[in-house]
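Inspection log for the structure reproduced underneath, given as structure tokens.
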Amino acid sequence: LKVKIPLQKHKSMRETLGEKGIKIPYQDPALKYYPEQFAGS
Amino acid sequence: ASMYINNYADTTYFGAISIGTPPQSLQVLFDTGSSNLWVDSTYCNTQACNAHTKFDPQQSSTFSANGQSVYLPYGAGSLYGQLGYDTVNVGGIVVTNQEIGLSTQEPSNPFLAAKFDGILGLAYPGISAGGQTPVMDNMISQDLLNDDLFAFYLSRGGQQGSELSFGGVDNSMYQGQIYWTPVTSETYWQIGVQGFQINGQETSWCSQGCQSIVDTGTSSLTAPSQFMGNIMQAIGAQQSQYGMYMVDCSQINNLPTLSFVISGTAFPLPPSAYIEQQNQNGYQFCSVNINPTYLPSQNGQPLWIFGDVFLREYYSVYDRTNNQVGFASAV
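Sequences listed follow chains Z and C, in order. Just so we're aligned, residue 1 is where the first sequence starts under the working numbering, counting upward by one. Just so we're aligned, residue 1001 is where the second sequence starts under the working numbering, counting upward by one.
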């Protein structure tokens, strides 16, 4: 079987919150791959 | 709580799956940078959970709980949930007995603003929290696909037009040939990078080898921190008081092309790919959509992350049979 799933582009959390004046601080994107370090960060 | 938000704060491409019998539809982020499936559920009553569509296991005749709880330290916060099994329908592919994390406590308040109800991980089973079998692995073991691969097309503009295909590639979404490179660590979709060029000139920064994780759950292009200064200097970007790297919008066409050499093929990123133009209060500004990472890859080599910035330029194919990633020029 081969299927295609449409993806829709939405506003990101950062954009949505930014419009309300809430800033999301930057965090190292690679922490995602180091969950133990992430848990302790 | 917002300190835990990072990668997922900028993600924008989502699609629908359904779970249970009768099917309940939810919007998920299809994430090649993780391996678990979790969704909002009626077990959760926090403000963030209540802002989304929730899966109700009591309304599904095929649901079975397994009594285990799970903790997922996602890059966007920590999810607590209960594990259960149910039928998952992904674009008409019906996966039975799929283990699912059902949230009991959602990551954090910023998820109130999230436009998705869960995450469907597409990386390898070795990194799956709690040993949960990923959806793709169940598709393979249940023999549901023509070819054991999936592929992403991320549209450069507009809300519509992006797609994820399972079981084969969509020839209408790329041009030219697909260039393949082996997965270097069967955890994430991690590949080797042998060169990095600025305007066609090799920098030698990756002459000893770099690694890159191909991650649809990360929006930006992420560069090793030790290269950032030189990259921004080459681009001529100035750091703003908020830490963003800014360029003069009128100079975009004069900015350099950045290229990655992967298995002997150069993959160029023109400035239009890595510069983000935004309007705020009638003022247009242009920022560089490249972020640093201070962490190396697992083998110690400099680590890049090919997020949406790279994947809008290149149709990407993830082949589980041969453990390789393919890139072709996106239409």
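By construction, the Cβ of each residue, glycine as well, lies at the ideal position given by its N, Cα and C atoms. Note that the structure is predicted; figures quoted are calculated from it, not measured.
According to DSSP, is C:TYR1116 helix, strand or coil?
-> On the second sequence, residue 1116 of chain C is found 116 positions in, with the first residue counted as 1. The residue you asked about is not Tyr; residue 1116 of chain C is Phe in the sequence shown. In the structure shown, C:PHE1116 falls within a coil segment according to DSSP collapsed to helix, strand and coil.
Inspect the CB distances between the segment 1022–1036 of chain C and the segment 1055–1069 of chain C and report whether three or more fall short of 8 angstroms.
-> With a cut-off of 8 angstroms, the segment 1055–1069 of chain C and the segment 1022–1036 of chain C count as touching, because enough Cβ pairs lie within range.
With 9 angstroms as the C-beta to C-beta threshold (strictly closer), list the residues of the segment 1203–1232 of chain C near chain Z in chain order.
-> Residues ILE1213, ASP1215, GLY1217, THR1218, SER1219, SER1220, THR1222 and SER1225.
Using a Cβ-Cβ cut-off of 9 angstroms, state whether C:THR1321 counts as contacting chain Z.
-> Within the second sequence, numbered from 1, the residue matching residue 1321 of chain C stands at position 321. C:THR1321 does not count as touching chain Z.
Member of C:THR1265, C:ASN1299 and C:ALA1151 whose CA lies at the smallest distance from the CA of C:GLN943 = In the structure displayed, chain C extends from 1001 to 1331; residue 943 of chain C sits before or after that span and is not available.
Tell me the DSSP bridge mates of C:TYR1318?
-> Along the second sequence, read from residue 1 onward, the residue named residue 1318 of chain C stands at position 318. Answer is C:PHE1150 and C:VAL1325.
Alpha-carbon to alpha-carbon, C:GLY1192 and C:GLN1251 | For the purposes of this step, residue 1251 of chain C is identified with residue 251 of the second sequence, where counting begins at 1. For the purposes of this step, residue 1192 of chain C is identified with residue 192 of the second sequence, where counting begins at 1. Distance between the alpha carbons of C:GLN1251 and C:GLY1192 is about 32 angstroms.
Counting along the chain, where does the beta strand (DSSP E) carrying C:TYR1179 start and finish?
-> In the second sequence, the residue the question calls residue 1179 of chain C occupies position 179. Counting along the chain, the unbroken beta strand (DSSP E) around C:TYR1179 starts and ends at 1174–1186.
CA-to-CA distance, C:GLU1202 to C:SER1162, given in whole angstroms = The sequence position of residue 1162 of chain C within the second sequence is 162, counting from 1. The sequence position of residue 1202 of chain C within the second sequence is 202, counting from 1. Going by the C-alpha atoms only, they are around 33 angstroms apart.
Which partner residues does C:ASP1031 have in the DSSP bridge list?
-> By 1-based counting over the second sequence, the position of residue 1031 of chain C is 31. C:ASP1031 is bridged to C:GLY1121.
In this structure, does DSSP put C:ASP1086 in helix, strand or coil?
-> For this step, residue 1086 of chain C is matched to residue 86 along the second sequence. Note: C:ASP1086 maps to strand in three-state DSSP.
Label C:GLN1241 either buried or exposed according to how many other C-beta atoms from any shown protein chain fall within 10 Å of its C-beta, with 16 as the threshold for buried.
-> Mapped onto the second sequence, residue 1241 of chain C falls at position 241. It counts as exposed.
For C:THR1293, is the classification buried or exposed, using 16 other Cβ atoms within 10 angstroms of its Cβ as the cut-off for buried?
-> Here residue 1293 of chain C corresponds to residue number 293 of the second sequence, with the count starting at 1. With 16 or more other Cβ atoms within 10 Å, it is buried.
Of the listed residues C:TYR1008, C:THR1011, C:PHE1327 and C:CYS1206, nearest to C:ASN1171 (C-alpha basis) = Taking the second sequence and counting its residues from 1, one reaches residue 1171 of chain C at position 171. For C:ASN1171, the closest C-alpha among the options C:TYR1008, C:THR1011, C:PHE1327 and C:CYS1206 is that of C:PHE1327.
Rounded Cβ spacing between C:ASP1040 and C:SER1060 (contact assumed at less than 8 angstroms) | Taking the first residue of the second sequence as position 1, residue 1040 of chain C is located at position 40. Taking the first residue of the second sequence as position 1, residue 1060 of chain C is located at position 60. With a Cβ gap of about 14 angstroms, C:ASP1040 and C:SER1060 do not count as contacting.
Helix, strand or coil for C:GLN1208, going by three-state DSSP, please let me know.
-> On the second sequence, position 208 is the one that residue 1208 of chain C refers to. Note: C:GLN1208 maps to coil in three-state DSSP.
Burial state of Z:PHE38 (16 or more Cβ within 10 Å) | Against the first sequence, residue 38 of chain Z aligns to sequence position 38. Note on Z:PHE38: pLDDT 49, under 50, position unreliable in the model; no value is reported.
Coarse secondary structure for C:GLY1126, derived from DSSP in three states = Within the second sequence, numbered from 1, the residue matching residue 1126 of chain C stands at position 126. Correct three-state label for C:GLY1126: helix.
Where C:LEU1149 and C:ASN1281 are concerned, what is the direct C-alpha to C-alpha distance, given to the nearest angstrom?
-> Looking up residue 1149 of chain C in the second sequence gives position 149. Looking up residue 1281 of chain C in the second sequence gives position 281. Rounded to whole angstroms, the separation of the alpha carbons of C:ASN1281 and C:LEU1149 is 44 angstroms.
Does any residue of chain Z bring its CB to less than 9 angstroms from the CB of C:ASN1289?
-> The sequence position of residue 1289 of chain C within the second sequence is 289, counting from 1. Closer than 9 angstroms: no.
Can you say whether C:TYR1004 is buried or exposed, counting buried as having 16 or more other CB atoms within 10 angstroms of its CB?
-> Along the second sequence, read from residue 1 onward, the residue named residue 1004 of chain C stands at position 4. Model confidence at C:TYR1004 stands at a pLDDT of 45, short of 50, so the residue's coordinates are unreliable and nothing is read from them.
Between the C-alpha atoms of C:ASN1050 and C:GLY1081, what's the straight-line distance to the nearest angstrom?
-> For the purposes of this step, residue 1050 of chain C is taken as residue 50 along the second sequence, with counting starting at 1. For the purposes of this step, residue 1081 of chain C is taken as residue 81 along the second sequence, with counting starting at 1. Cα to Cα, C:ASN1050 sits roughly 15 angstroms from C:GLY1081.
Is C:ASN1291 helix, strand or coil when you go by DSSP?
-> Working through the second sequence from its first residue, we reach residue 1291 of chain C at position 291. Strand, per DSSP.
What's the C-alpha gap between C:GLN1197 and C:PHE1310?
-> Counting from 1 along the second sequence, the entry for residue 1197 of chain C is found at position 197. Counting from 1 along the second sequence, the entry for residue 1310 of chain C is found at position 310. The straight-line gap from Cα to Cα measures roughly 15 angstroms.
Assigned exposure category for Z:GLN27 - 16 Cβ within 10 Å defines buried | Locating residue 27 of chain Z in the first sequence gives position 27, counting from the first residue. Buried, by the Cβ-count rule.
Spatial neighbours of C:SER1018 within its chain, please: CB distance less than 8 angstroms, with the 5 preceding and 5 following residues excluded, ordered by chain position.
-> Mapped onto the second sequence, residue 1018 of chain C falls at position 18. A distance below 8 angstroms between beta-carbons, with the five flanking residues on each side excluded, links C:SER1018 to the following residues of its chain, in chain order: GLN1024, SER1025, LEU1026, VAL1088 and ASN1089.
Given that C:ASN1007 touches chain Z, what residues does it touch there, using C-beta distances under 7 angstroms?
-> Here residue 1007 of chain C corresponds to residue number 7 of the second sequence, with the count starting at 1. Under the 7 angstroms cutoff, chain Z gives PRO29 and LYS32.
Along the chain, which unbroken stretches of the alpha helix (DSSP H) at least 4 residues long are found entirely within the segment 1265–1313 of chain C?
-> You should have 1271–1274 and 1308–1311.
Closer than 9 angstroms, Cβ to Cβ, to anything on chain Z: give me those residues from the segment 1008–1028 of chain C, in chain order.
-> Within the segment 1008–1028 of chain C, the qualifying residues are TYR1008, ALA1009, ASP1010, THR1011, THR1012, TYR1013, PHE1014, GLY1015, ALA1016, ILE1017 and GLN1027.
Do C:LEU1164 and C:PHE1306 have their C-beta atoms closer together than 9 angstroms?
-> Translated into positions along the second sequence, residue 1164 of chain C becomes position 164. Translated into positions along the second sequence, residue 1306 of chain C becomes position 306. Cβ atoms of C:LEU1164 and C:PHE1306: not closer than 9 angstroms.
Cβ atoms of C:TRP1205 and C:SER1263: under 9 angstroms apart, would you say?
-> What you label residue 1263 of chain C is simply residue 263 of the second sequence in a count that begins at 1. What you label residue 1205 of chain C is simply residue 205 of the second sequence in a count that begins at 1. Taking 9 angstroms as the Cβ cut-off, C:SER1263 and C:TRP1205 do not qualify as a contacting pair.
Quick one: Cα of C:LEU1219 to Cα of C:THR1011, how far?
-> Taking the second sequence and counting its residues from 1, the one referred to as residue 1219 of chain C is at position 219. Taking the second sequence and counting its residues from 1, the one referred to as residue 1011 of chain C is at position 11. This sequence places Ser at residue 1219 of chain C; Leu is not what is there. Distance between the alpha carbons of C:SER1219 and C:THR1011: 5 angstroms.
Paired residues, beta bridge with C:TYR1071 - DSSP | The residue you call residue 1071 of chain C lines up with position 71 of the second sequence. According to DSSP, which records beta bridges pairwise, C:TYR1071 is partnered with C:TYR1080.
If we ignore side chains and look at the alpha-carbon of each, how far apart do C:GLY1158 and C:ASN1289 end up?
-> Counting from 1 along the second sequence, the entry for residue 1158 of chain C is found at position 158. Counting from 1 along the second sequence, the entry for residue 1289 of chain C is found at position 289. Answer to the nearest angstrom: the Cα atoms are 18 angstroms apart.
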